[in-house]
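Numbering (this note's numbering), first residue to last: 349 to 637. Even for Gly, the Cβ is constructed at its ideal location relative to N, Cα and C.
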Ligand code: F6R
């Protein structure tokens, strides 16, 4: 060491070189495992996602699909409805598990949709009531369960009994959450009750509750959510994001450190086949495209 140093050898440059090598290697591996597709706009993004889902349904009619709610997948669900109605895409054998539901909230078909903020209602209105999926094959966390902790365990068991989720559909929250796994959630977490973070409450208040006349205080502050560990066990996944509002958090999740501060960064740990589908706005912060 002394000899090398006396010859003017610069250890710092070796350090920098090794770090760069490690960084490039990590990104190379990540690129192989994770496919990132950037589409021109929301409609193209939604069609691409719907095609992946439809292909699975055609190849494996009794597949298990993990569904997400939120604004992002609505276009994808519209396209699936179109495929069902115009092309006969058949959901009669499909089984489904939803990612999450607000605690204390359940579907109430006697209310107009705008006043029923349950995720069960969302799925009913945006997809299930328009396709031929069988009611008995649909699973959504039961926000009205008398014993939500027991319910969470049984949800996990049911997923296992089906043989596991073939394709999980994911969005990403403004604070980087996956399902309702808020910052700080463990990567080994399972289906459980989670307190919603301030940003999620703000986002969902603006997007849904305000219009329904529910105050910020009255809106649900807890949810039942699949855990990150549960999600990572899906055999394949697609993650969707659109709009420049998501650009920064998408870049953090895909290119930043794998951290529980941004739970969607767990996507870098996926062992299955995973495709991230973005529109141009949401892809704007990526350095490696
Ligand atoms: C909903 C879910 C959430 C949403 C996320 C993004 O089932 O899992 O994590 O994917 O909050 O919501 P939108 O799509 O409304 O931006």
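Beta-carbon proximity of residue i to residue j, cut-off 7 Å
{"i": "residue 538", "j": "residue 577", "result": "yes"}
{"i": "residue 401", "j": "residue 624", "result": "no"}
{"i": "residue 362", "j": "residue 510", "result": "no"}
{"i": "residue 595", "j": "residue 414", "result": "no"}
{"i": "residue 464", "j": "residue 528", "result": "no"}
{"i": "residue 394", "j": "residue 423", "result": "yes"}
{"i": "residue 441", "j": "residue 410", "result": "yes"}
{"i": "residue 491", "j": "residue 418", "result": "no"}
{"i": "residue 382", "j": "residue 622", "result": "yes"}
{"i": "residue 526", "j": "residue 611", "result": "yes"}
{"i": "residue 599", "j": "residue 386", "result": "no"}
{"i": "residue 620", "j": "residue 584", "result": "yes"}
Length of the line joining the Cα atoms of residue i and residue j
{"i": "residue 508", "j": "residue 494", "result": "23 Å"}
{"i": "residue 532", "j": "residue 572", "result": "16 Å"}
{"i": "residue 636", "j": "residue 626", "result": "14 Å"}
{"i": "residue 602", "j": "residue 613", "result": "6 Å"}
{"i": "residue 364", "j": "residue 358", "result": "10 Å"}
{"i": "residue 567", "j": "residue 592", "result": "27 Å"}
{"i": "residue 548", "j": "residue 589", "result": "16 Å"}
{"i": "residue 484", "j": "residue 461", "result": "22 Å"}
{"i": "residue 476", "j": "residue 426", "result": "11 Å"}
{"i": "residue 403", "j": "residue 428", "result": "11 Å"}
{"i": "residue 522", "j": "residue 551", "result": "8 Å"}
{"i": "residue 498", "j": "residue 453", "result": "17 Å"}
{"i": "residue 634", "j": "residue 530", "result": "23 Å"}
{"i": "residue 438", "j": "residue 431", "result": "9 Å"}
{"i": "residue 467", "j": "residue 536", "result": "24 Å"}
{"i": "residue 557", "j": "residue 565", "result": "11 Å"}
{"i": "residue 469", "j": "residue 500", "result": "20 Å"}
{"i": "residue 515", "j": "residue 455", "result": "25 Å"}
{"i": "residue 397", "j": "residue 408", "result": "17 Å"}
{"i": "residue 392", "j": "residue 349", "result": "58 Å"}
Paired residues, beta bridge with residue i - DSSP
{"i": "residue 584", "result": "621"}
{"i": "residue 414", "result": "445 and 516"}
{"i": "residue 627", "result": "387"}
{"i": "residue 542", "result": "571"}
Integer-rounded CB distance, given that residue j should sit under 8 Å from residue i
{"i": "residue 541", "j": "residue 451", "result": "6 Å"}
{"i": "residue 597", "j": "residue 524", "result": "5 Å"}
{"i": "residue 487", "j": "residue 506", "result": "6 Å"}
{"i": "residue 444", "j": "residue 481", "result": "7 Å"}
{"i": "residue 489", "j": "residue 446", "result": "7 Å"}
{"i": "residue 570", "j": "residue 543", "result": "6 Å"}
For residue i, three-class secondary structure by DSSP
{"i": "residue 551", "result": "helix"}
{"i": "residue 599", "result": "helix"}
{"i": "residue 498", "result": "helix"}
{"i": "residue 379", "result": "At residue 379, the pLDDT of 49 sits below 50, so the modelled position is not reliable; the number obtained from the coordinates is stated separately. In the structure shown, residue 379 sits in a helix (DSSP, three-state: H, G or I)."}
{"i": "residue 527", "result": "coil"}
{"i": "residue 388", "result": "coil"}
{"i": "residue 455", "result": "coil"}
{"i": "residue 469", "result": "helix"}
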